[in-house]
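Novice: As numbered in this note's numbering, residues 1 to 155 make up the sequence shown, in order. Sharing a structure with you now.
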Amino acid sequence: MFKLLALTIALSVFTPKAEAATAVGVADTAAFMDAPSVSALFSNNEDWIQTMLNVQGVKGSFRFSLGGAYKFTVAGNGRAGFHIGPGLSIGTVGTPAGSDFGFALVGMFGGHYTLFERMIVSFDAGPILRVVDGDVDFGVAPMGGLLGLSAHYLF
């Protein structure tokens with residue numbers, strides 16, 4: 001994850017400014033989706049739709065997650081500000097006996113900032129409702145161990 005983050009930063013420093021509204025990168029989604037994810041952002045003017053995918057492993061049992069979130073900008077604009085919005089993830093979660101199906105719902109809030117003209121960085125947290133094989137868990141936390149950090153390169 002850190003190599004991809006370093007590549008994203010390097011590309012954003014040496015590439016001219018883009019006015020496009022699509023970005024790809026990585027997201028710290030361990031609390032939301034059990035592992036960091038490859039992520040894409042799509043803008044509809046000031047708001048963002050974030051898609052996330054991770055494959056945690058295939059040895060023994062196939063473990064993956066697929067998710068998305070709508071980030072509605074409440075202060076600032078699409079390039080810098082604060083956002084809130086809903087999110088959903090589905091996938092399999094590793095257990096001692098293999099893997100179980102699960103899903104999570106999140107009420108996300110956080111801030112997003114544009115760095116180096118082509119890099120969008122955001123931090124996300126919020127209430128997370130997780131259901132794995134019928135067991136329900138609820139908590140309020142960052143989306144991952146790095147305070148829900150996401151780093152995306154704008155095209």
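For glycine and all other residues, C-beta sits at the position ideal for the given N, C-alpha and C.
Does residue 143 come out as helix, strand or coil in the three-state DSSP assignment?
Specialist: One-based indexing of the sequence shown puts residue 143 at position 143. The answer is coil: DSSP assigns residue 143 none of H, G, I, E or B.
Novice: Under 8 Å Cβ to Cβ from residue 125, same chain only, skipping five residues before and after it: list those, please.
Specialist: In the sequence shown, counting from the first residue as 1, residue 125 sits at position 125. Cβ neighbours of residue 125 beyond the five flanking positions: 108, 109, 110, 140, 141, 142, 143, 147 and 148.
Novice: Once DSSP output is grouped into helix, strand and coil, what is the label at residue 151?
Specialist: The sequence position of residue 151 within the sequence shown is 151, counting from 1. Here residue 151 sits in strand by DSSP.
Novice: Can you check the region 29-90 for any beta strand (DSSP E) of at least 3 residues that lies completely inside it and give the ranges in chain order?
Specialist: Qualifying beta strand (DSSP E) stretches, in chain order: 37-44, 47-57 and 63-76.
Novice: Inspect the CB distances between the region 59-70 and the region 111-120 and report whether three or more fall short of 8 Å.
Specialist: The answer is no - the region 111-120 does not touch the region 59-70, with fewer than three Cβ pairs under 8 Å.
Novice: Would you list the one or two residues that DSSP bridges to residue 100?
Specialist: Position 100 of the sequence shown, counted from the first residue, corresponds to residue 100. The partner list for residue 100 (beta bridge, DSSP) reads 93.
Novice: Starting from the C-beta of residue 75, find all residues in its chain whose C-beta is less than 6 Å away, skip the five residues before and the five after it, and write them out in chain order.
Specialist: Taking the first residue of the sequence shown as 1, we reach residue 75 at position 75. Only 81 and 82 meet the Cβ criterion.
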